[in-house]
Structure formats: C-alpha cells, structure tokens
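To start, the structure itself, in structure tokens.
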Amino acid sequence: MITLHHLNQSRSKRIIWLLEELGVDYQIKAYQRDAVTHLAPEALKAIHPLGKSPVLEDNGQVIVESGAITEYLVERYGKHLMPAQDSVGYVEYLQWLHFAESSAMLPALMTLFVGMEPVKTEFLASYASTELSKVMSHLDNVLKDKTYLVDDTLSGADIMMSFIPEVLTMLEQLDHYPHIQRYYQTLLTHEKFQRANELEQKYEAA
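Each residue of the sequence shown is one higher than the last, beginning at 217 in our numbering.
If you want it as structure tokens, here you go:
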C-alpha cells in the first residue's frame, strides 16, 4: 500500500488530493510541526534524511519532492491526468507542473517569511513583493481564458498549482488576481480536493 508522510499545514495536501483523484489504496502517516519553530519533527528524518514533507513510499521506494511525486503517481496510476506525451499540451503540462515549485513558489514563500520576521529586511521585502507581483500577474493573465492550465481538463499540473492560490490567500492577495481566484474556485469544486481538505484537517493536532 502507498504511504504518504504528511506534515500538517504543508504542500503535501496536494498529494492527498492527487491520491484521492487517482482512487488508489493509500494511508496517511501524519506529523505535526513544532509549536515554537513551526519546523517538521525529527521523526521525518527516519523516512528521508532531509526530514521534509511530502514523502511517498510505494513498492519499496521512498520518493521526495512534490513535482517528482506527482509525475510518478500520474504516470503510474493516472495517465488520464496528463496529456499524451506526443502532444503539444504535454510540454505545457510539464512547464506548469514544475512552475508551481519554482517560479511561483519562491517569491510567494519569501513574501510569507518576510512577514513573519521580527526585523524585516528592506531589500528582501521589496524583491519578494516585486517578484510575487510579476509571477502572479503572468499566471493571472495565462488563466484569463482558461478553466484549467492544460487542454481544458484537470491534470497533475493543476493539482501541483493548487497551493499557489492558497499562499495568495494567506498573504491576503488573492483578490488582486481575479483569474487565479476564479481558477481556485473551480479547483475547490472538485470532490477529491474537498476530501483532501477534510483529511488535512483530520490530521491536524487535536
């Protein structure tokens, strides 16, 4: 059986959604952040030396990195969630799949972390804000005439990208990007995404 090592309040919720969408048998092993540092517990290092989440175990393999986990699961268990590899849409699919953890995530997390620091770094705050606006404006424009990112159907790229509007919500900036906001509302209509939200809440510390 597939095991997902899930950290509360983390990007691994996307993998819960993906597993629910695939309809495979899996179990969740839940971990809680340290109440003071908000970091992952040392117990995760027993699964992988980096001690990060998500971590997936399947067929004796331990897989880390959200993008790699998504590619692995979709290609192995759910090719209906990706375009055909010989199609134009496949290249677009791959780009958006990895955009979520590269171009989009860095400025989003920098902006989030800057807001948490007791003493803010002026340059870092300015850089993060500028990059966030540039990247999210690009995404907002791309989504202008789209329901989903690739071929007008749900794919692994959308599941990976689902964390981006959640970060924008945390930053109280989602309403700055109407097309991302509409896109997020579409994602929220998916039963399996709702199930992932319910499961994430279930595994929060009581």
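C-beta: ideal position from N, C-alpha, C; glycine also.
What residue range does the beta strand (DSSP E) around residue i cover?
i: isoleucine 279; result: 277-280
Along the chain, where does the alpha helix (DSSP H) that runs through residue i open and close?
i: glutamate 258; result: Premise fails: glutamate 258 is in no alpha helix (DSSP H) and is neither H nor E.
i: aspartate 274; result: Aspartate 274 -> not in any alpha helix (DSSP H); beta strand (DSSP E) instead, spanning 271-274.
i: aspartate 374; result: 372-377
i: glutamine 301; result: From DSSP, glutamine 301 is part of no alpha helix (DSSP H); its letter is neither H nor E.
i: lysine 408; result: 407-418
i: histidine 401; result: As written in the sequence, residue 401 is glutamine, which differs from the histidine given in the question. Start and end: 394-404.
i: leucine 325; result: 321-332
Looking only at DSSP bridge pairs, what is residue i linked to?
i: tyrosine 247; result: Leu223
i: isoleucine 218; result: Tyr242
Is residue i helix, strand or coil by DSSP?
i: tyrosine 242; result: strand
i: proline 381; result: helix
i: glutamine 389; result: coil
i: alanine 316; result: coil
i: serine 228; result: coil
i: glycine 294; result: coil
i: valine 252; result: coil
If residue i and residue j are in contact, beta carbons under 8 Å, what's the gap, nearest whole angstrom?
i: valine 383; j: leucine 328; result: 6 Å
i: alanine 316; j: valine 351; result: Actually they are not in contact, since the Cβ atoms of alanine 316 and valine 351 sit about 11 Å apart, beyond 8 Å.
i: glycine 305; j: aspartate 367; result: 4 Å
i: tyrosine 419; j: asparagine 275; result: Actually they are not in contact, since the Cβ atoms of tyrosine 419 and asparagine 275 sit about 24 Å apart, beyond 8 Å.
Three or more C-beta pairs under 8 Å: does that hold for the region 320-327 against the region 259-272?
no
Taking three-plus beta-carbon pairs below 8 Å as touching, is the region 395-414 in contact with the region 373-380?
yes
Could you tell me whether the region 285-292 touches the region 228-237, using the rule of 3 or more Cβ pairs below 8 Å?
yes
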